[in-house]
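Using this note's numbering, count along the sequence shown one by one with no gaps and you end on 376. Note that the Cβ used here is the ideal one computed from N, Cα and C, for glycine as well.
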Amino acid sequence: MHHDGANALQMNYTQADVSQPILDGLKAAVLLVGADRRVIFMNPAAEGLLETSTQRGCGQDVIDLVPMGMTLQAALIAAEQGETTTLREEVLRAPIQSEEITVDCTVSPLERPLDGPCIIVELNQVDQLARMTRDTTLQERQDAFSQVVRALAHEIKNPLGGIRGAAQLLDSELNDKNLREYTRIITHETDRLSGLVDRLTGGYRASDREPFNLHSVLEHIRKLTLVETPQGLNFERDYDPSIPEILGDHAQMIQAVLNIVRNAVQAMAGRGCIQLRTRVRRQCTIHHRRHRLVVEASIMDDGPGIEPGLRERIFFPMVTGRHDGTGLGLALAQEIISRHGGLIECASRPGQTTFTILLPVEDGS
Ligand SMILES: Nc1ncnc2c1ncn2[C@@H]1O[C@H](COP(=O)(O)OP(=O)(O)OP(=O)(O)O)[C@@H](O)[C@H]1O
Ligand SMILES: [Mg+2]
């Protein structure tokens, strides 16, 4: 995730000998902006992205150098007040640029012990076309999924009621205890199936909307998971106490996040560390809508990572890497989060898998 780049920079900046190779090697373009908004440092990736050299770039006004217009201006003002802003899918438009490029941009304040405050501007080029295609395909798949589930739920629920009723009648007629064991199995299994259908269709009920804090969701899940998997599982919490409440369906939100946490526990076979982290993001774009305030929650595990062949498809229904999986957990989670106007992103490599949930905070709520 691109924020990690900035964090690494923040930690290492004073140790020039350590930080230089890091900055040179970063794929992200990093610029350091002084108090007067003049660029005082650019790494090689920034030179490449902005098609300029350190000699030419340094000393220029960052607004001229990074042609992003008013959004960057606003983010700089926020950084001067100590706030970090994430701008997603901004287009750099400038006559000097040979073509338009789309970037995700993070603007954050940096306190340097000797030289006073400055600002880090971090730019990550995104292949917008790829992202849009992925978003659209995902949306289409989800719509199809919703329709199939609704149709199936209808077809399954009705006969189930009949089967259960008949089994109960039969049960009351039977005197043989051994035979009644069979009717008990029928009732039990129809209940289980009916519960599964409810779970699947749960996402499509008219949802209850109430204000709640995401920390209550995370804490509920943490306690629940610890009860289910008491040994060898460790949770680390890194909560931002200032995250605002969001408006939504509390029970559904628990279901969505639980699906992600359960996957992590299963992937680590119950042993390992899960980190729960919350942050506030300002000026963040989700599904091409700009939101003033967005709450970010990430769930990170140190398990083996998602199998490479599955990575692109895990949010699609019926995609599973487990022999007893139904492949519905993440499809449902994504569906619930998008009903709340948000999205889930995922980055995975062996030893570190992170699911990041972004949820907009509605103005005036
Ligand atoms: N944290 C993770 N680490 C490794 N693999 C993961 C992780 N999360 C998800 N996966 C992979 O993604 C697949 C899809 O997950 P999803 O929750 O959609 O379905 P499932 O867990 O297989 O089944 P269900 O949740 O319906 O019981 C999983 O089977 C697993 O292979
Ligand atoms: Mg799952």
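Practice task
Jot down the residue ranges of each uninterrupted alpha helix (DSSP H) in the region 48-117, minimum 4 residues, whole runs only, in chain order.
Solution key: 55-60, 65-68, 73-76 and 81-91
Exercise for the section: Would you mind reading off the limits of the beta strand (DSSP E) that contains Ser359? Expected result: Leu354 to Arg360
Exercise for the section: Inspect the beta-carbon positions of Ile271 and Leu341 and report whether they are closer than 9 Å. Expected result: yes
Handout entry: Given Arg191 as reference, the closest of Leu339, Thr201, Gln179 and Leu87 once Cα atoms are compared
Key = Gln179
Exercise for the section: Run the proximity test for Asn54: is its beta-carbon closer than 8 Å to any non-hydrogen atom belonging to ligand 1? Expected result: no
Handout entry: Alpha-carbon to alpha-carbon, Leu269 and Leu258
Key = 18 Å
Exercise for the section: Can you give me the Cβ contacts of Gln294 inside the same chain, cut-off strictly under 6 Å, excluding the 5 residues immediately before and after it? Expected result: Thr96 and Leu98
Exercise for the section: Would you kindly check if the distance between the Cβ of Asp182 and the Cβ of Arg195 is under 9 Å? Expected result: yes
Exercise for the section: Give every residue of the same chain whose Cβ lies closer than 8 Å to the Cβ of Val291, excluding the five residues on either side of it in the sequence, and list them in chain order. Expected result: Asp251, Ser253, Ile254, Pro255, Leu304, Val305, Val306 and Glu307
Problem - Ranges of the alpha helix (DSSP H) found wholly within the region 301-376, counting only runs of at least 4 - result: 340-350
Practice task
Confirm the yes/no value for this check: CB of Gln277, any heavy atom of ligand 2, distance under 8 Å.
Solution key: yes
Handout entry: Start-to-end residues for the beta strand (DSSP E) that takes in Asn135
Key = Gly127 to Gln136
Handout entry: Own chain partners of Leu369 with C-beta closer than 6 Å, once the 5 adjacent residues on each side are dropped
Key = Ile297, Val305, Glu307, Gly353 and Leu354
Practice task
Answer yes or no: do Cys129 and Ala46 have a C-beta to C-beta separation smaller than 9 Å?
Solution key: yes
Exercise for the section: Taking Glu256 as part of the alpha helix (DSSP H), name the residues at either end of that continuous run. Expected result: Per DSSP, Glu256 belongs to no alpha helix (DSSP H) and is neither H nor E.
Practice task
Evaluate contact between the region 234-244 and the region 271-288, counting only Cβ atoms and requiring at least three cross-stretch pairs below 8 Å.
Solution key: yes
Exercise for the section: Determine the DSSP secondary structure at Gln242, reduced to helix, strand or coil. Expected result: coil
Exercise for the section: Mind checking which residues open and close the beta strand (DSSP E) that includes Gly281? Expected result: Per DSSP, Gly281 belongs to no beta strand (DSSP E) and is neither H nor E.
Practice task
Give a single yes or no on whether Val118 has its beta carbon closer than 8 Å to a heavy atom of ligand 1.
Solution key: no
Problem - Backbone secondary structure at Ala40 - three-state DSSP - result: strand
Exercise for the section: Would you check if the distance between the CB atom of Val41 and the CB atom of Glu133 is smaller than 9 Å? Expected result: yes
Practice task
Could you check which residue in Pro371, Leu76 and Ile325 has the C-alpha nearest to that of Ser359?
Solution key: Ile325
Practice task
Using DSSP bridges, identify the partner residues of Glu221.
Solution key: Gly259
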